[in-house]
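What follows is one structure encoded as structure tokens, with my remarks underneath.
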Amino acid sequence: MPHFPIKYIVLHYSATYPNQDYGVADIRKMHLARGFNDVGYHYVLRRSGAVDKGRPDTVVGAHVSGRNTGSLGIGGIERATSPNVGVDNRTEAQKAATVKLVRDLLAKHPGAQIVDHRDLATDPVLRLRRAELRRGEVIKPAELIEVRGGEKITLAARRIYNQLLSNAFGPDMAAEGQEYRIPFSELRGNHTSNDRVTEAILSLMQTVVRVRMSDGSTRNVHLLGPTDVEKFGPGIATMLTYELHPKLLPILRDSQIFARLEMQILHGFGTKYGMALYEIIAKRIGLKHVFYNDFETDELRDYLGVPHGKLGPFAALRRKAIEPAVAEVNALAPFSCRVDTIETQGRKVTKLRLSWWIKTVDEKKAQWEAQQGKQANLFVDQLPEVSLWEP
6 MPHFPIKYIV
16 LHYSATYPNQ
26 DYGVADIRKM
36 HLARGFNDVG
46 YHYVLRRSGA
56 VDKGRPDTVV
66 GAHVSGRNTG
76 SLGIGGIERA
86 TSPNVGVDNR
96 TEAQKAATVK
106 LVRDLLAKHP
116 GAQIVDHRDL
126 ATDPVLRLRR
136 AELRRGEVIK
146 PAELIEVRGG
156 EKITLAARRI
166 YNQLLSNAFG
176 PDMAAEGQEY
186 RIPFSELRGN
196 HTSNDRVTEA
206 ILSLMQTVVR
216 VRMSDGSTRN
226 VHLLGPTDVE
236 KFGPGIATML
246 TYELHPKLLP
256 ILRDSQIFAR
266 LEMQILHGFG
276 TKYGMALYEI
286 IAKRIGLKHV
296 FYNDFETDEL
306 RDYLGVPHGK
316 LGPFAALRRK
326 AIEPAVAEVN
336 ALAPFSCRVD
346 TIETQGRKVT
356 KLRLSWWIKT
366 VDEKKAQWEA
376 QQGKQANLFV
386 DQLPEVSLWE
396 P
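Heads up: the sequence shown begins at 6 in our numbering, then just goes up one per residue.
Printed below as a string of structure tokens:
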């Protein structure tokens, strides 16, 4: 075992033709020619599905600048060369080997995160500066998606919090003492009163959630810092001034993985469970090699925001929270999902598997047609690709 904790399992893509096959010996020659003291990867996946061993897991790799310590590098996840750049040309055996290797490594290092090499950077703040926030979009740090302790947060509060994050996004987002301003009219939606917004803001200020950090530790943080309300007179928009809580800033500054969320989709949810599930999948949808995630039942219950003491029996949890959430995601998002039972202890359901997949063109057309009846403004050729943020 390595003498340092493994935080990341990093998957590297190479631009190769379908008939090309490189093993660890070939890549070692390339890396030695570049001045490395050995092959930079810990594992290399072959076309046949064989896994070549590179550096020992106990030795720091040379595969992602600034993040070699605490990471294991897997090379040979193939992508096509021009003109078909980005096309996955792995063999079925290679895909199966990828899944098995990742599972085995996660079993050895349960706190590790699976990331593409492009998702890591030496300067997280620089990544925030370079990110392009598209209109109607929220870029949300992964640490703020799967939290515990947020069961009292309502659907409206969760939606408003995403709007506040979107409004604050930029190079100064992690700056201490930075104030942000947003009109109440942007937060209240179709409602004419600010009462719901005020109630949601107070709830966010009072809520303390337990966040899992990238190093596996946990931190208890308030979601929102001090706020002020500016009134400019009758009939003139009321302005909210707010700060992000100081304890939250290191999370924003050091986060390595982000999810792109579409505000239009967020506004379509009628339950907080559906919105939470959408965010959970959006965090992972860009990982082309991963199509499911296993959760302890109580873990997923917390991430969905089910109040303590409510929906205790699994049948109730499934009927009142999981099934409605899955139905909403499948109706609104550019991807589909399902939740299956994979482990029980006696009659108790202890583990669940969340699976997801990108909708086909036909599924997007059917989604568009269904939404037309609800007067939704979703266009098939413009359905957003929700994915992990790329610099």
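C-beta: ideal position from N, C-alpha, C; glycine also.
Closest in C-alpha terms to G154, from the list N225, T246, E148, F189, comes N225. For G28 against H47, the beta-carbon gap comes to about 14 angstroms, at or over 8 angstroms, which does not count as contact.
In the three-state reduction of the DSSP assignment, E301 falls in the strand class.
Just so you know, the alpha carbons of S53 and G45 end up roughly 21 angstroms apart. The residue among V65, S76, N94 with its C-alpha nearest the C-alpha of H114 is S76. By the Cβ-count criterion, M35 is exposed, with fewer than 16 other Cβ atoms from all chains shown falling within 10 Å of its own Cβ.
Within the region 252-317, the runs of beta strand (DSSP E) that reach at least 3 residues and sit entirely inside it are, in chain order, 263-267, 297-301.
For the 8 angstroms CB-CB criterion, I286 and W361 form a contact. DSSP lists K353 as the bridge partner or partners of Q350. Pairing V69 with V152 gives a Cβ-Cβ distance that is not under 8 angstroms. Assigned with DSSP and collapsed to three states, T203 falls in helix. Scanning the region 142-167 from its first residue to its last, the whole beta strand (DSSP E) runs of 3-plus residues come out as 142-146. Looking at the backbone, the Cα of E284 and that of E368 are separated by about 20 angstroms. With three or more CB-CB distances shorter than 8 angstroms, the region 154-174 counts as touching the region 304-319. The Cβ neighbour count for T103, taken over all protein chains shown within 10 Å, is at least 16; the residue is labelled buried. Following the DSSP letters along the chain, one finds Q99 inside the alpha helix (DSSP H) bounded by residues 97-113.
Annotation for V49: the continuous beta strand (DSSP E) segment containing it runs 48-50. Taking each of L37, N199, L149, V15 in turn and checking the Cα distance to L257, the smallest one comes out for L149. Listed in chain order, the non-local C-beta contacts of S171 below 8 angstroms within the same chain comprise L138, E142, V143, I144, M268, local neighbours out to five positions each way being set aside. With the rule of 3 Cβ pairs closer than 8 angstroms, the region 327-339 counts as touching the region 272-284.
With distances taken between CA atoms, K364 lies nearest to P339 out of V344, P339, P10. Cβ atoms of E301 and P251 stay farther apart than 8 angstroms, at about 31 angstroms. Counting only residues of its own chain and dropping the five nearest sequence neighbours on each side, V311 has a CB closer than 8 angstroms to the CB of E156, Y278, L322, A326. DSSP places P188 inside the beta strand (DSSP E), whose first and last residues are 185-188. CA-CA distance, H294 to D109, rounds to 15 angstroms.
With a 10 Å radius around the Cβ and a threshold of 16 neighbouring Cβ atoms, I11 comes out buried. Judged by DSSP in its simplified three-state form, F319 adopts helix.
L337 has its alpha-carbon roughly 12 angstroms from the corresponding atom of K370. Around the beta-carbon of K353, fewer than 16 other beta-carbon atoms lie within 10 Å, marking it exposed. Contact between D233 and T246 holds: CB atoms are separated by about 4 angstroms, below the 8 angstroms threshold.
Annotated as proximal: I119 and L292, with beta-carbon spacing under 8 angstroms.
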